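Have a look at the structure below, then the notes.
Okay, here's the thing in structure tokens:
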């Protein structure tokens, strides 16, 4: 019996030109390169230029993904853009990108689940394809977190960067078992009682300002490792697979200590984990597609390999998506 799968056919990313090494923060913060690296694994990140918007980053990543797939804008009939730093309150950033890439039909919308945004976007794109609502979906994660940083808070402002990544999913027939290419299982979760652990202290309804990021780092760390390992194992179980079947874990690139600890709980060796946090910092919803694109360009990720992606962010919201490349 055949089934419809959402199969990856193209991937791309974009990073702003400005590279910000840890040493740049020493000009105004009581910190050091060693302090930042020892706590996060981050060595550098990219910041968007003045006037460079989230939609600009997303557009370039989308165009690169289309080129990788040998497609053009009109070939896509849906777009899901995960971001917590949209250009405007409305319209959606996705509609700006839709126009910019020449996607003349279909529909486009934003999705907000902070750092878990790309996991949520993948699950939604998968549902659109499996239900027959769309045949080819462009899934984007794009952020300009440098615009919502508290530059006096050394525990947060050194962690985040700007960037975008994009993945194209296409409806293809599969056999219905775990050997199929495409998305095999999704697991999404949230718990609002933890909303004060990671948030931005502003908003249209509350303060009519953008606000800045606030985080209880140690508490987020504690929740991250246990919840990421659990959601990863749940996604594997849904597909009837185990950690031994995984070729690559592609985690949200928040913190190297979280990545290592989660891999250990998942019983996956670090050699099977894609790590880009040292070069990009935490790019929130952009981090997983960014890592996918970089890893594919390096020849690490290859066709038919099994990938487990997992992420956690403000909400708290977390989830995992298992897919065969």
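In the numbering used here, the protein residues as written are 79 to 403.
Note that the Cβ used here is the ideal one computed from N, Cα and C, for glycine as well.
Owing to the predicted nature of the structure, the values given are computational and were not obtained by experimental measurement.
Contact between residue 225 and residue 287 is absent: CB atoms are separated by about 12 Å, not below the 8 Å threshold. Take residue 191, set aside five residues on each side of it, and the residues of its chain with a beta-carbon closer than 6 Å to its own are 198, 395, in chain order. Straight-line measurement puts the Cα of residue 90 at about 21 Å from the Cα of residue 350. The C-beta of residue 255 has fewer than 16 other C-beta atoms within 10 Å across all chains shown, which makes the residue exposed. Distance from the Cα of residue 215 is smallest, within the candidate group 159, 262, 99, 263, for 159.
Each of 260, 80, 271 was checked against the Cα of residue 386, and the nearest Cα belongs to 260. Distance from the Cα of residue 193 is smallest, within the candidate group 100, 304, 333, for 333. With a 10 Å radius around the Cβ and a threshold of 16 neighbouring Cβ atoms, residue 196 comes out buried.
The alpha-carbon of residue 365 is positioned some 11 Å away from that of residue 93. The alpha-carbon separation between residue 400 and residue 208 amounts to approximately 15 Å. Listed in chain order, the alpha helix (DSSP H) runs fully inside the segment 163-245 are 171-178, 195-208, counting runs of at least 4 residues. Bounds of any beta strand (DSSP E) do not take in residue 303; it lies within the alpha helix (DSSP H) bounded by 295-316. In the DSSP annotation of this structure, residue 156 is not part of any alpha helix (DSSP H); the continuous beta strand (DSSP E) holding it starts and ends at 156-160. C-alpha of residue 109 to C-alpha of residue 292: approximately 18 Å in a straight line. Annotation for residue 119: 334, 355, 356 place their beta carbon closer than 6 Å to its own, counting only its chain and skipping 5 residues before and after. With a beta-carbon spacing of about 6 Å, residue 343 and residue 303 fall inside the 8 Å limit used to define contacts.
Annotation for residue 263: the continuous beta strand (DSSP E) segment containing it runs 260-268. The beta carbons of residue 390 and residue 321 sit about 19 Å from each other, so the pair does not count as a contact at 8 Å. Under the three-state reduction of DSSP output, residue 378 falls in the coil class, being neither helix nor strand. Nearest in C-alpha terms to residue 272, of all of 248, 257, 301, is 301. Listed in chain order, the non-local C-beta contacts of residue 156 below 8 Å within the same chain comprise 184, 185, 186, 203, 206, 211, 212, 214, 215, 216, local neighbours out to five positions each way being set aside. Residues 323, 324, 325, 402 of the same chain have their beta carbon placed closer than 6 Å to that of residue 384, with the five preceding and five following residues left out of the count. Between the C-alpha atoms of residue 369 and residue 106 there is a straight-line separation of about 30 Å. Taking each of 280, 218, 230 in turn and checking the Cα distance to residue 361, the smallest one comes out for 218.
Distance from the CA atom of residue 248 to the CA atom of residue 154, rounded to whole angstroms, is 9 Å.
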